[in-house]
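> Below is a structure I'd like to ask you about.
Number of protein chains: 2
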Amino acid sequence: MHRFRPIATFLLLGAALAGGAHAAPADDAYAAVDPFIGTGGEGHTYPGATVPFGMVQLSPDTQIKSRKEGYGWAAGYRYDDNTIVGFSHTHFSGSGHSDLGDVLLMPISGTPKLERGDVAKPGSGYTSRFRHDEEKAEPGYYAVTLDDYGVRAELTASARVGVHRYTFPQGKPAHVLVDLRTSMYDYPGKVLWSRLRVRPDGTVTGFRETRGWAPGRQLYFAMRFSQPLAGRQLHDTEQDVVYKGFPPPGEKDPRQRAQIEGRQLVGVFDFGDAGKQPLVVKVAISPVSEDSAIANLDAEVPGFDFDRVRADAKRQWSQALSAVDAQGSAQQRTQFYTALYHALLGPTLFMDSDGRYRGPDNAVHQAKGWTNYSTFSLWDTYRALHPLLTLVQPPQRTSDVVNSLLAARRASPYGILPVWAFHGLETWCMIGYHAVPVIADAYMKGIGGFDADEALQAMVASADYGPYDGIAQYRELGYVPIDEEGEAASKTLEYAFDDWTIARMAQKMGKADIAAEFGKRAANWKHAFDPATGFMRARKRDGSFREPFDPTASGYGTDYTEGNAWQYSWYVPQDVAGLAAAHGGADKLLARLDQVFDAKVDPKVFEHMEDITGLIGWYAHGNEPSHHVAYLYAYAGQPWRTQARLGQIMDSQYKPTPDGLAGNDDLGQMSAWYVFTALGFYPVAPGSNQYVIGRPFLPRATLNLPNGKRFSIIAEGLDAGHAYIGSARLNGKPLPRAWLSHEEIMAGGELRFTMQAAPDTQWATDPAQHPYSMSAQ
Amino acid sequence: MHRFRPIATFLLLGAALAGGAHAAPADDAYAAVDPFIGTGGEGHTYPGATVPFGMVQLSPDTQIKSRKEGYGWAAGYRYDDNTIVGFSHTHFSGSGHSDLGDVLLMPISGTPKLERGDVAKPGSGYTSRFRHDEEKAEPGYYAVTLDDYGVRAELTASARVGVHRYTFPQGKPAHVLVDLRTSMYDYPGKVLWSRLRVRPDGTVTGFRETRGWAPGRQLYFAMRFSQPLAGRQLHDTEQDVVYKGFPPPGEKDPRQRAQIEGRQLVGVFDFGDAGKQPLVVKVAISPVSEDSAIANLDAEVPGFDFDRVRADAKRQWSQALSAVDAQGSAQQRTQFYTALYHALLGPTLFMDSDGRYRGPDNAVHQAKGWTNYSTFSLWDTYRALHPLLTLVQPPQRTSDVVNSLLAARRASPYGILPVWAFHGLETWCMIGYHAVPVIADAYMKGIGGFDADEALQAMVASADYGPYDGIAQYRELGYVPIDEEGEAASKTLEYAFDDWTIARMAQKMGKADIAAEFGKRAANWKHAFDPATGFMRARKRDGSFREPFDPTASGYGTDYTEGNAWQYSWYVPQDVAGLAAAHGGADKLLARLDQVFDAKVDPKVFEHMEDITGLIGWYAHGNEPSHHVAYLYAYAGQPWRTQARLGQIMDSQYKPTPDGLAGNDDLGQMSAWYVFTALGFYPVAPGSNQYVIGRPFLPRATLNLPNGKRFSIIAEGLDAGHAYIGSARLNGKPLPRAWLSHEEIMAGGELRFTMQAAPDTQWATDPAQHPYSMSAQ
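Which chain is which? The protein sequence lines are A and B, in order.
Under the UniProt record's numbering, think of the first position of the first sequence as 1, with each following residue one higher.
Under the UniProt record's numbering, think of the first position of the second sequence as 1, with each following residue one higher.
Written out as structure tokens, the structure reads:
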């Protein structure tokens, strides 16, 4: 039984709104979350247990059909599946790559098998069948019945500890299998080395080092059971790796081994007939050492009180979700709070209870006075996720994030900020130096707690690091030349935006020289613009655009990163006025935007690109380059068109169902887009301190701001038939513009919209009231 | 040019002695050492630079002919070779297995190649030819000219830092190649993961993790050059290991990489035309981290003064070698001091300058108030090497060794003392729990500085650890049953000896119950004795000896470990009286000993056993089970026969030439045997505090004891024709027995022998004056 509502009960938006607004205490917010949303389709979310920004993500992994199809199992679990291989302790939420899946546990009654078995032959391995009607998921808690074993498995978590409660059937020997071979769909194959050790007091510790998305990643763990071990078996299932003396003389019997090392380790721990009372297993992880994992275990979960850990997780989630009082239909609240939940999963804590963590140099470092985070999917999350955290989380969270980025840069072998990092390690995934806008956004919003001078230095160093992705040429030519560096158009555009945020921050800091230099670089997007075609394109070193040109082409070898010319040509959030001018005026730009949304596109064009999903014409909501595009109408003087497009997107791209996300949630970015858009505004240009107003999708929402103030957005008359803004008043005064400043929100107050059936083609169209990049260049 | 003297100049023993005794100051001792002894034949020693017990052993590695023949290259270098692949920083001295060879450097002038090339085709890779007449080795210093490059390479070392000085030819680009793929003869193949990083200040750091003799061994390093880097290339030569994002975008060019990770890494560092002044490269290693390696580098070798480091190494060696003033012929002094040199190479320091090290749990630990050592080839070294250290080194060295063993046990996943450990890790090589006699020997000799209660507890725990090598059955049956555990006869015999040392220590500590229990276990050798054949044999669980029985059979599957019945049947050092009685009296035992030495043995019998070398009849001096056998004549009442056999062994098994060791030096055990035997006595039963007198081989030797006293052994009239003891006086009083107590030596004084031409069949034959195990049972 789980909280996913059958499709037949979906309420129409209008019908829901007819019910009127009602109070939404925190527990209601908690209850509204459905962790199954996104676990099917393209979402790549996981349904398991974690606390906000927790280091442990304890979640079921289902058995993949084939490695070739592995992309879909990036979060370990797919809602369509009916077999579970076990519960592992680390998961990405919504990533496009797979890794993690550390320390998989499987409770087994009866005779344990050591292999997963054939997915087509239930019972052939230790995998068990399960049914969704015996499944339950809520923030910080997950439960399922493993039909092959008759075991009820419940999961909860604290920050660094996953806690399992297994209720075994009586009369059968109970076991817990620990598989160190698992790495999502690469099973086995990513493990470089691993260790499994049973200490005299029954604590099981170990480590594994994997060569996955990140290289040479070490993860340590410590595990304790609420019942004494009746026996154990430690196996190395790889037959071809032996070395002198292993297994130790006299320890050829896996039941006698105290420690085992190798590449494919699996342990089976026996508890006799454990049916009388549930077995609780607690597992701490650590980036540093087995002893640190034990320390984490002792610090966070000293006993075996599953319910206490669960209650504490619920308390943390209720508090985090209470950042917004969202009113609306049950469906809306489910979607909204699930999106908020997904937006509060990361970046994830990456630090032991004593402040030690591992950096991008794979060395152990000590955080003093701040908390280290990792899992930075920055190409995705700089857009809306990090700006959202400045509104719904204490400033400490963002300053910790900035301090984590700066610490990573200090330990970086390259001397630069993270690109796409997890568990401290750089993966070099995607493009850009998007830690830069995250820091600039924080600084511009007045979030302190970090060294601004060091931060600016780190930002400049990252933007100037020549060997990375054509930066040397970009600095030389003002653009990335496609004959020397792939996906050059996307890189030129994103670098220019990042550069603009450096200029903004430098200007505020009074560093005029840096501001001038990067202000100039911010205009480099112009080098990518081809007036002849009206597209952003990649030039060669000789200055000519690369030919032949196909605006529909995407992917490896093209001018673009995970997109095509139709998707990337509008990425100038720092200078939409300039973009419009390049096109010959706002009207021309508007026409082009319509071409994007209204095109008839054969979805087969993107079959080779897993990340380009959620198509509306060329608009691909399933991937980030499109995320700001609908808001550009408002910049260009037609906010009612933004309002219409947002309705189109919200209706078609999000559903309160497992397949309800049109694309990978991308570590919260897709969900953060939803939260902002549902509230009625969006941070098109992080670092601008402006949010562009779209339109409200909830009848009433109140931000309980971290400074103790409250900011309410009220949509009078909103229903499916009244979806256009007729007027807006901020704190009782007419608001003639389609943007809010960060300061206006943080000051608290009330933004009241009057909704109407027809587009209002006058409101917020005065050019003098345009957002930053249309008016303040 | 090196110190090895051509064979034509060898002096006959008699001729040398005719020159008479002369003073031997410490520098003469230093000059007498020839590090090439043992680098050919079976010795497996290395000629490179190290300090006493140093963590770094910086030595040339020659190119192996084929992996199949790899056994001979266990120390990296074979004197027969004429090509050098480079200089690596860690080496075993005299081991029978290969590992280490960490961080290999090769200076190259001209265009660098990335592979070693074909050994049969000089110039096909980076390997260079060299000639012995351009080679020089002395303690702490090695030099050679690399003919392919015209580079003069000199090596020296401090405890944790290897220092290279390369004199390049002018006019050619100079490079230093760093190869992380090397692991002696397993090249490549042992590397699980490795990292190479160039820091902004030009420091090169990295690590490698290998699955060799020890599992999952991590070694970190830091390297600095005396001249600025003109360029670099970081390569991963393994094409089939790639993961997303690697090499980092924009760092596809190996010249731009700041860091590289993988399994087969090689870096090339460029210095332009470095011919004007020598390039000094200093390399520190660390078991803990790259940062710790940098700290070691800074602590020990702050500048680039090669000569200062070399002079300091020489000073340390001169001081260590001054523990004995040995007089005799040049050849004798070369052999003696080279043996002493080899005996002072290990155990090796395994601890950073801040006291941190890695234990058998692969975790980092902190030593407080003591120094951690590793490289414990205990099956070999408990016999003579560790007892020798109690005489020639400060007691602190032995108490540090004991503390290291105890610390390893505290961190052991099995709760037991090391068996065969290096770099902190257990290899499970060989048999027994021979850390036990090392600790007992130290305790019985009054060496403090460790917790005796903890030590005894650790010894008992190791002796009682059931899963290891049939100990559970040994405790149950009094012997290891061959139908349940291989090589059972050897195990029963060695366990019984180790048990006796526990009993000795427990008795001295007043722990009567433990003394009684292990005193009883010390008699378990009797269960292995077969009166029908007069051999030690393996019984089955049912009590019967395993049939068929072949006393010449050795190796895997037999009753014995690296030996046969002819070699193992005399291993009862704790109860030679009992052994004689079992044979029917001392005369019967003496006759059996003659059968051992006088047998006609086809050497082909041991062709399959690499370790069984140095044959005199069945006596195999090249391996440890034989090491005490010649001394048993003295126990059994015929000391003159011991004297004769020792002459036979010393003459035939040791030469002052590269192939001058009859077997693997085994981390100093072969050499310690030589030192003791040359002095005139040997510790047959460590823990007894008795040394059995053989006969002196030097005209005069003085032990400069660690307590400041001096003990001289003078052999009046010794020459080739006068090789038997006629009389002995200890401090002027007649010594009627063939043993010395440890206390007698440590009290200082003079042991004066009068040598004669004919055997003296009366001296030291009084049964009342027999050594411990013949008289005190």
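No residue lacks a Cβ here, since even glycine has one placed at the ideal position from N, Cα and C.
1. Can you confirm whether A/P413, when its beta carbon is compared against all beta carbons of chain B, has any partner nearer than 8 angstroms?
2. Assess contact between the stretch 144 to 164 of chain A and the stretch 83 to 93 of chain A, defined as three or more Cβ pairs (one per stretch) separated by less than 8 angstroms. Is contact present?
3. Taking the alpha-carbon of A/R695 as reference, which of A/G72, A/G660, A/G486, A/R641 has the nearest alpha-carbon?
4. Measuring CB to CB, does A/L456 end up less than 8 angstroms from A/A435?
5. Can you pull the chain E neighbours of B/D291, defined as C-beta to C-beta under 8 angstroms?
6. Would you please verify whether the beta carbon of A/P215 is less than 8 angstroms from any beta carbon of chain B?
7. Nearest CA to the CA of A/S124: which residue from A/R131, A/H132, A/E115, A/F130?
8. Please give the ranges of any beta strand (DSSP E) in the stretch 408 to 440 of chain A, keeping only runs that are unbroken, at least 3 residues long and fully inside the region.
9. Since B/N704 sits in a beta bridge, which residues does DSSP pair it with?
10. Once DSSP output is grouped into helix, strand and coil, what is the label at A/P767?
11. For the stretch 314 to 323 of chain A against the stretch 629 to 644 of chain A, do three or more pairs of beta-carbon atoms, one drawn from each stretch, fall closer than 8 angstroms, so that the two count as touching?
12. Do you know offhand how far B/V601's Cα is from B/D298's?
13. The stretch 467 to 481 of chain B: which residues have C-beta closer than 9 angstroms to a C-beta of chain A, in chain order?
14. Report the neighbours of B/E261 on chain A: residues whose CB is nearer than 7 angstroms to its CB, in chain order.
15. Write down every uninterrupted run of the beta strand (DSSP E) in the stretch 305 to 379 of chain B whose length is 3 residues or greater and which is fully enclosed by it, in chain order.
16. Let me know the secondary structure DSSP gives A/H91 once reduced to three states.
17. Would you list, in sequence order, the uninterrupted alpha helix (DSSP H) runs of no fewer than 4 residues that lie entirely inside the stretch 645 to 720 of chain B?
18. Checking the sheet assignment: what are the DSSP bridge partners for A/M746?
19. At which residue ranges does the stretch 224 to 297 of chain B contain complete beta strand (DSSP E) runs of 3 or more residues, listed in the order of the chain?
20. Check whether the Cβ of B/R208 lies closer than 8 angstroms to any Cβ atom in chain A.
21. Can you list the residues of chain B that A/A258 reaches, using a CB-CB cut of under 7 angstroms?
22. Nearest-angstrom Cα distance between B/D666 and B/M459?
23. Quick test of your reading: B/D273 and B/P173, contact by CB under 8 angstroms. State the CB separation rounded to the nearest angstrom.
24. Let me make sure I understand the geometry here. Which of B/T62, B/D719, B/W379, B/P169 has the alpha-carbon closest to that of B/S626?
25. Is it a yes or a no for the stretch 355 to 374 of chain B touching the stretch 704 to 720 of chain B, going by three-plus beta-carbon pairs under 8 angstroms?
26. Within 8 angstroms of any Cβ in chain B, is that where the Cβ of A/R710 sits?
27. Exposed or buried, B/A23, counting other C-beta atoms within 10 Å across all chains shown (16 or more means buried)?
28. Within the stretch 441 to 469 of chain A, note down every full alpha helix (DSSP H) run reaching 4 residues or more, in order along the chain.
29. Between A/V198, A/S109, A/H342, A/R308, which has its C-alpha nearest A/G94's C-alpha?
30. Which whole-angstrom value describes the C-beta separation of A/E485 and A/G466, a residue pair presumed to lie in contact below a C-beta threshold of 8 angstroms?
31. Using a Cβ-Cβ distance cut-off of 8 angstroms, determine whether B/R358 contacts chain A.
32. By alpha-carbon positions, which one of A/H97, A/G96, A/M106 ends up nearest to A/H89?
33. Reducing DSSP to helix, strand and coil, say where A/P736 ends up.
34. Which residue wins for smallest C-alpha separation from A/T210, given the options A/R263, A/Y166, A/H164?
35. Excluding sequence positions up to five away, which residues of its chain have a Cβ less than 6 angstroms from the Cβ of A/M430?
36. Could you tell me which chain B residues have their CB closer than 9 angstroms to the CB of A/P287, listed as they occur along the chain?
On the basis of the data shown:
1. At least one CB of chain B lies nearer than 8 angstroms to the CB of A/P413.
2. The stretch 144 to 164 of chain A is in contact with the stretch 83 to 93 of chain A.
3. Selected option, being the one with the closest Cα: A/R641.
4. Going by C-beta atoms, A/L456 is not nearer than 8 angstroms to A/A435.
5. Checking the listed chains, one finds no chain E in this structure; the protein chains it contains are A and B.
6. Yes, A/P215 lies at the interface with chain B (some Cβ there is under 8 angstroms from its Cβ).
7. The option with the nearest alpha carbon to A/S124 is A/E115.
8. Within the stretch 408 to 440 of chain A, the complete beta strand (DSSP E) runs of at least 3 residues fall at 420 to 422.
9. Bridge pairing for B/N704: B/R710 [DSSP].
10. For A/P767, the secondary structure class from DSSP, reduced to helix, strand or coil, is helix.
11. Taking 8 angstroms as the limit for Cβ pairs, the verdict is that the stretch 629 to 644 of chain A does not touch the stretch 314 to 323 of chain A.
12. Rounded to the nearest whole angstrom, the C-alpha separation of B/V601 and B/D298 is 56 angstroms.
13. If the cut-off is 9 angstroms between Cβ atoms, the stretch 467 to 481 of chain B has P467, Y468, D469, G470, I471, A472 near chain A.
14. Result: P215, G216.
15. You should have 324 to 327, 356 to 358, 364 to 366.
16. Residue state, collapsed to three classes: coil.
17. Listed in chain order, they are 669 to 679.
18. When DSSP reads this structure, A/M746 sits in no beta bridge, so it has no partner.
19. List check, beta strand (DSSP E) in window: 231 to 236, 259 to 262, 265 to 273, 279 to 286.
20. So no, B/R208 is outside the interface.
21. Residues of chain B whose Cβ lies closer than 7 angstroms to the Cβ of A/A258 are, in chain order, P413, Y414.
22. Within the model, the alpha-carbon separation for B/D666 versus B/M459 is close to 23 angstroms.
23. Right, the Cβ-Cβ distance comes to about 7 angstroms (below 8 angstroms), so this counts as a contact.
24. When only C-alpha atoms are compared, the closest one is B/W379.
25. Touching, no, given that fewer than three Cβ pairs across the two stretches are closer than 8 angstroms.
26. Chain B contact via Cβ: absent.
27. Low confidence applies to B/A23: its pLDDT is 44, below 50, so where it sits in the model is not reliable, and the reading given next is rough at best. Answer is exposed; the Cβ neighbour count stays below 16.
28. DSSP runs (the alpha helix (DSSP H)) wholly in the stretch 441 to 469 of chain A: 452 to 463.
29. Checked all of A/V198, A/S109, A/H342, A/R308; the closest Cα to A/G94 is A/H342.
30. Contact doesn't hold; Cβ gap of about 11 angstroms is too wide.
31. For B/R358, no Cβ of chain A is located within less than 8 angstroms of the residue's own Cβ.
32. Residue A/M106 is the option with its Cα nearest to A/H89.
33. Here A/P736 sits in coil by DSSP.
34. Closest option to A/T210, Cα to Cα, is A/R263.
35. For A/M430, where only same-chain residues beyond five positions count, the Cβ hits under 6 angstroms are W379, W420.
36. Near A/P287 there are no residues of chain B at all, since even the closest Cβ is about 14 angstroms away, more than 9 angstroms.
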